[in-house]
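*Asks:* Everything in the sequence shown is counted per my numbering, starting at 8 for the first residue and increasing by one.
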Amino acid sequence: MSVARHLEIACIPGDGIGPEIVAEAKKVLTQVCEKYGHTISYTDVLMGGCSIDAYGVPLTQETIDICKSKQAVLMGSIGGDAATSPWYRLEPSKRPEAGLLAIRKALGLYANLRPAYLFPELAASCPLASKEGGRNFDLIIVRELTGGLYFGERWTKEVDGVTTAVDTLKYNENEIRRIAKTAFEIAQKRRKKVTSVDKANVLDTSRLWRKVVHEVAKDYPDVELNDMLVDNCAMQLVKDPEQFDVIVTENMFGDILSDEASMITGSIGMLSSASLNETSFGLYEPSHGSAPDIAGLGIANPIATVLSAAMMLRYSFNMTKEADDIENAVKKTLHDGYRSVDLMPKDPMEAAGLTKVGCSGMGDAIAARI
Ligand code: NAD
Numbered sequence: 008m009s010v011a012r013h014l015e016i017a018c019i020p021g022d023g024i025g026p027e028i029v030a031e032a033k034k035v036l037t038q039v040c041e042k043y044g045h046t047i048s049y050t051d052v053l054m055g056g057c058s059i060d061a062y063g064v065p066l067t068q069e070t071i072d073i074c075k076s077k078q079a080v081l082m083g084s085i086g087g088d089a090a091t092s093p094w095y096r097l098e099p100s101k102r103p104e105a106g107l108l109a110i111r112k113a114l115g116l117y118a119n120l121r122p123a124y125l126f127p128e129l130a131a132s133c134p135l136a137s138k139e140g141g142r143n144f145d146l147i148i149v150r151e152l153t154g155g156l157y158f159g160e161r162w163t164k165e166v167d168g169v170t171t172a173v174d175t176l177k178y179n180e181n182e183i184r185r186i187a188k189t190a191f192e193i194a195q196k197r198r199k200k201v202t203s204v205d206k207a208n209v210l211d212t213s214r215l216w217r218k219v220v221h222e223v224a225k226d227y228p229d230v231e232l233n234d235m236l237v238d239n240c241a242m243q244l245v246k247d248p249e250q251f252d253v254i255v256t257e258n259m260f261g262d263i264l265s266d267e268a269s270m271i272t273g274s275i276g277m278l279s280s281a282s283l284n285e286t287s288f289g290l291y292e293p294s295h296g297s298a299p300d301i302a303g304l305g306i307a308n309p310i311a312t313v314l315s316a317a318m319m320l321r322y323s324f325n326m327t328k329e330a331d332d333i334e335n336a337v338k339k340t341l342h343d344g345y346r347s348v349d350l351m352p353k354d355p356m357e358a359a360g361l362t363k364v365g366c367s368g369m370g371d372a373i374a375a376r377i
C-alpha cells in the first residue's frame, strides 16, 4: 500500500470543451485518490480566451504564480473559432494561444511527451494498413520544446535586391543532454528502447545531437539506443510503428513527428500529453484543441484529459500504481463497450452492442472502474 499523500494541483480549464473535460479528469483523479487514501486540492485559474474576457490578456502573472506554487498543472484546452471569435481580431501576441506559449516558457517546460497508443477496441479507426497479427503499437515521442529552430534568431530583409528570410537552428550540448536524460529515464520505466531521431547526414546540430545522446546512453546500459534519420522515421511511423518505444528528437522534428504519430491512432480525443521542466513539475493536457464546434453540448470525449491526469500521477508524483489504475480503467471502459460520440462507428452493424455516452457519462464509467 502506498503512503497517503496530499496533491496540490493548479487547473486551467480554459475555453470551449476545456471545462467539461477537466471536470471529468478531476472526477477520476478524486476517485483514485480516495482508493489510495490520498487527498487532493485543485486551484482553478484562467488562461486563454476566458482570461482575455476577464483581464484583457491571455495569461496573467497571477496565473503563472499560482501554477508555480503547486506541484503540477492540469489543463483542458484554450482558444476559440478563429473565424468568428473576437479573440482573433486582437494582435497575435494577445490571442489565446499566446498564453500557452508564454506559460510553457515561464514554467521552463523543455520536454514534451506525447504517447501514441492504439487501443485494441479502437483498432478499426487506425488509418494504417492492417498487419499480420493485428496492429499493436505503444510509443512515446519525447520532443525538445524550448530550443532549436523555433527559438533561434530570424530575419527577413533585402539581400542584393532579393527578399531573403533566415531562421537559425541552434542547440548546445546542455540542452541536448537534459532531453536525452529525460528520454532514457522514461525508457527505463517502459520497454527500454530509445530511438534518437536527427538529420546527422546534413546538419551540424544533428551531429552534435547524436554525439551527446551517445554519451548520455553510457549512463543507461540497460536501455538500447538506435539512431534514425528523420525522413526515415516519418516513413517508419506509418510502415511499422510497432518497432518504437521512446523516440527522442529536437523541437521541429518532434513537432511534425508527434502529430504524425497522433494521427496513426485515428482518435484525436484519446491522446494525452505532458510538458516537463527539470524538476518533477509538469503541465498535462490533451493533444487536441478546444473543439468550439461541440463546446457546451456535453458530448466531448474526456479520455485524453483523463489519460493526461494519469501521466501527471506517473511523472510528477511518481505514483505508478495509481496511474496504471486510471489507464486500466480507461481500457476496461472501452472494453465494456462505452463510446463517446467521436468513437462511435458510423456503420450500425459495428455500433451494435456499444453504449453511446456523453462527456460526464464517460467520466462516470471510468471512475466506476477505478
Ligand atoms: P480541435 O482539436 O479543437 O478540433 C478538431 C476536431 O476534433 C473538431 O471537429 C472537434 O470537434 C474534434 N475534437 C477535438 N477534441 C475532441 C474531443 N475531446 N472529443 C470529441 N471531439 C473532439 O482543433 P481545431 O478546431 O483546429 O482548434 C480549435 C481551437 O483549439 C483553436 O482555437 C486552436 O487554436 C485551439 N487549440 C488549442 C490547443 C491547446 O489548448 N493546447 C491545441 C490545439 C488547438
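Backbone N, C-alpha and C fix where the C-beta goes; we use that ideal spot for every residue, glycine too. Predicted model only: the values in this text are computed from it and were never measured.
Is there at least one non-hydrogen atom of the ligand NAD closer than 7 Å to the beta-carbon of His-45?
*Replies:* no
*Asks:* Please identify the residue among Val-223, Ala-123 and Val-337 whose C-alpha is closest to the C-alpha of Leu-264.
*Replies:* Ala-123
*Asks:* Rounding to the nearest angstrom, what Cα-Cα distance links Glu-357 and Pro-248 in this structure?
*Replies:* 26 Å
*Asks:* Can you check whether the CB of Ala-187 is closer than 8 Å to the CB of Val-223?
*Replies:* yes
*Asks:* With a Cβ-Cβ cutoff of 8 Å, do Ile-254 and Val-220 count as a contact?
*Replies:* no
*Asks:* Quick one: is the Cβ of Pro-122 within less than 7 Å of any heavy atom of the ligand NAD?
*Replies:* no
*Asks:* Are there 16 or more other CB atoms within 10 angstroms of the CB of Gly-261, so buried, or fewer, so exposed?
*Replies:* buried
*Asks:* Determine the extent of the beta strand (DSSP E) in which Ile-85 is found, giving its start and end residues.
*Replies:* Segment: none, Ile-85 is in no beta strand (DSSP E) and carries neither H nor E.
*Asks:* With a Cβ-Cβ cutoff of 8 Å, do Glu-292 and Ser-315 count as a contact?
*Replies:* yes
*Asks:* Using alpha carbons as the reference points, say which of Arg-346, Asp-226, Gln-243 and Ser-92 lies closest to Ile-306.
*Replies:* With distances taken between Cα atoms, Ile-306 lies closest to Arg-346.
*Asks:* Here's the rule: buried if 16 or more other CB atoms are within 10 angstroms of the residue's CB, otherwise exposed. What is Ser-100?
*Replies:* exposed
*Asks:* Could you give the distance in angstroms between the alpha-carbon of Arg-185 and the alpha-carbon of Lys-42?
*Replies:* 35 Å
*Asks:* How many Å lie between Thr-37 and Thr-46 at the Cα?
*Replies:* Approximately 8 Å between the Cα atoms of the pair.
*Asks:* Hey, would you say Gly-83 sits closer than 8 Å to Pro-26, going by beta carbons?
*Replies:* yes
*Asks:* Who are Gly-115's beta bridge partners in DSSP?
*Replies:* According to DSSP, Gly-115 bridges with nothing at all.
*Asks:* Which runs of the alpha helix (DSSP H), 4 residues or longer, sit entirely within the region 200-249?
*Replies:* Here the runs fully enclosed are 211-224 and 237-246.
*Asks:* From Arg-376, Asp-22, Asp-266 and Lys-246, pick the residue whose C-alpha is nearest to that of Glu-139; which is it?
*Replies:* Among Arg-376, Asp-22, Asp-266 and Lys-246, the Cα nearest to that of Glu-139 belongs to Lys-246.
*Asks:* Tell me which residues share the same chain as Ala-32 and place their Cβ nearer than 6 Å to its Cβ, disregarding the 5 neighbours each side in the sequence.
*Replies:* Thr-312, Val-313 and Ala-316
*Asks:* Name the two residues that bound the continuous beta strand (DSSP E) containing Ala-172.
*Replies:* 169-174
*Asks:* Spell out a yes or no on whether the region 130-150 and the region 265-276 are touching, meaning 3 or more CB-CB pairs, one atom from each, closer than 8 Å.
*Replies:* By the Cβ test, the region 130-150 is in contact with the region 265-276, since at least three Cβ pairs between them sit closer than 8 Å.
*Asks:* Considering only residues of the region 133-197, which uninterrupted alpha helix (DSSP H) runs meet the minimum length of 4 residues and lie entirely inside it, listed in chain order?
*Replies:* 180-195
*Asks:* Please tell me whether Ile-373 and Thr-327 are closer than 8 Å, where the distance is taken between their beta carbons.
*Replies:* no
*Asks:* Measuring CB to CB, does Leu-53 end up less than 8 Å from Leu-290?
*Replies:* no
*Asks:* Can you tell which of Cys-366, Asp-266, Thr-50 and Tyr-322 has the C-alpha that lies nearest to the C-alpha of Leu-304?
*Replies:* Cys-366
*Asks:* Shortest alpha-carbon distance to Pro-228 belongs to which of Gly-56, Phe-288 and Val-201?
*Replies:* Here the closest residue by C-alpha is Val-201.
*Asks:* Are Leu-120 and Ile-85 closer than 8 Å when you measure CB to CB?
*Replies:* no
*Asks:* May I ask which residues mark the beginning and end of the beta strand (DSSP E) holding Ser-280?
*Replies:* 279-283
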